[in-house]
Amino acid sequence: MFPLRSVLMFVLTLCLVCRFLEGQKSLNVLLFRKIVTDHHRKFISLYEVAISRDHTTVNFTLNLVRNITADIWLRATIGQRVSKNGESYRDVFTYNVNLCQVMGRGKGKGNSLINFWLNSILRHSNMPQICPLKEGNYYMRNIRSEKETIPRFIRSGSFRIDSNAYVRDWHGANLTVTIAYVDIKMK
Ligand SMILES: *[C@@H]1O[C@H](CO)[C@@H](O)[C@H](O)[C@H]1NC(C)=O
Ligand SMILES: *[C@@H]1O[C@H](CO)[C@@H](O)[C@H](O)[C@H]1NC(C)=O
Ligand SMILES: *[C@@H]1O[C@H](CO)[C@@H](O)[C@H](O)[C@H]1NC(C)=O
């Protein structure tokens with residue numbers, strides 16, 4: 033009835049989720065090497081990212097020119113660089129969340145790491161934590177990694193974090209596309 037393979041996949045997924053939620057206490061350093069962005073011209077007039085000179089913090093600026101009246105989703109894929117000098121990455125984690133739902137659950141309530149990330153980012157932002165998101169000029173400042181926010185299964189190395197904020201109800205239109213290249217060093 034339940035093929036061994038699906039049982040194994042299920043257990044594996046469960047393990048990954050547990051380890052993910054458990055967090056990691058031994059991050060040494062996370063450096064932002066490069067961030068590439070793009071945005072939907074119809075909804076956003078400016079989407080900009082600035083990395084600090086020491087590569088430890090990032091500021092985001094977003095000028096939204098229309099109200100986003102449907103739920104905003106975030107899809108992110110973390111890939112680890114396979115070879116030292118190459119540019120090929122092996123996906124290690126993907127998640128896809130309805131940001132409006134996550135924010136709607138309120139500050140600090142849910143115990144998932146995603147909530148933790150979002151809340152710590154939103155604390156450094158003037159973004160309202162409610163949907164629908166209104167037109168306006170938004171920022172997130174001095175975003176940096178916090179020790180406890182790195183999933184345990186992440187190993188030292190170079191990573192690519194690919195993320196899209198999109199509107200599922202509007203044929204999956206991407207509002208923003210952000211590709212961050214980071215170096216992570218674990219103790
Ligand atoms: C980010 O914004 C803060 C506050 O305005 C500023 O002090 C800091 O220099 C900015 N960092 C970058 C990398 O632009
Ligand atoms: C956006 O929403 C606000 C408040 O709900 C409203 O006053 C404003 O007219 C809306 N803007 C547009 C372009 O629809
Ligand atoms: C949104 O971006 C992703 C990845 O960059 C892409 O795969 C997808 O096709 C885009 N969606 C639309 C509707 O263009």
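With the sequence shown counted from 1, adding 32 to any position gets you our numbering. Built from N, CA and C at the ideal position, the CB exists for glycine as well.
Any non-hydrogen atom of ligand 5 closer than 8 Å to residue i Cβ
{"i": "THR210", "result": "Ligands present in the displayed structure are limited to ligand 1, ligand 2 and ligand 3, and ligand 5 is not among them."}
Per-residue burial, residue i [other beta carbons within 10 Å of its own, 16 or more giving buried]
{"i": "LYS74", "result": "exposed"}
{"i": "LYS57", "result": "Any reading at LYS57 must be qualified, since the residue scores a pLDDT of 47, below 50, and its modelled position is unreliable; no value is offered."}
{"i": "HIS71", "result": "buried"}
{"i": "LEU165", "result": "buried"}
{"i": "THR210", "result": "buried"}
{"i": "LEU78", "result": "exposed"}
{"i": "VAL214", "result": "buried"}
{"i": "VAL114", "result": "exposed"}
{"i": "LYS217", "result": "exposed"}
{"i": "VAL134", "result": "buried"}
{"i": "PHE185", "result": "exposed"}
Residue interval of the beta strand (DSSP E) (run including residue i)
{"i": "ALA102", "result": "Here ALA102 belongs to no beta strand (DSSP E), and DSSP marks it neither H nor E."}
{"i": "ASP194", "result": "189–199"}
{"i": "SER77", "result": "76–83"}
{"i": "ARG122", "result": "121–130"}
{"i": "THR210", "result": "205–218"}
{"i": "GLY168", "result": "168–175"}
Check: residue i C-beta below 8 Å from any heavy atom of ligand 3
{"i": "GLY204", "result": "yes"}
{"i": "ASP194", "result": "yes"}
{"i": "TYR170", "result": "no"}
{"i": "TYR198", "result": "yes"}
Cβ-Cβ separation, residue j to residue i (assumed contact under 8 Å), whole Å
{"i": "ILE104", "j": "CYS163", "result": "7 Å"}
Sheet register partners of residue i (DSSP bridge)
{"i": "GLN112", "result": "ARG122, PHE191"}
{"i": "THR93", "result": "GLU80, TYR171"}
{"i": "VAL68", "result": "ILE211"}
{"i": "ARG27", "result": "Not covered by the structure: residue 27. The range shown for the chain is 33 to 219."}
{"i": "VAL61", "result": "LYS217"}
{"i": "SER157", "result": "MET172"}
Any non-hydrogen atom of ligand 2 closer than 8 Å to residue i Cβ
{"i": "ARG73", "result": "no"}
{"i": "ASN95", "result": "no"}
{"i": "ASN151", "result": "no"}
{"i": "LYS219", "result": "no"}
heavy atom of ligand 1 below 8 Å from residue i C-beta
{"i": "ASP60", "result": "Sequence check: residue 60 is Asn here, not Asp. No - ligand 1 has no heavy atom lying nearer than 8 Å to the Cβ of ASN60."}
{"i": "THR69", "result": "no"}
{"i": "SER157", "result": "no"}
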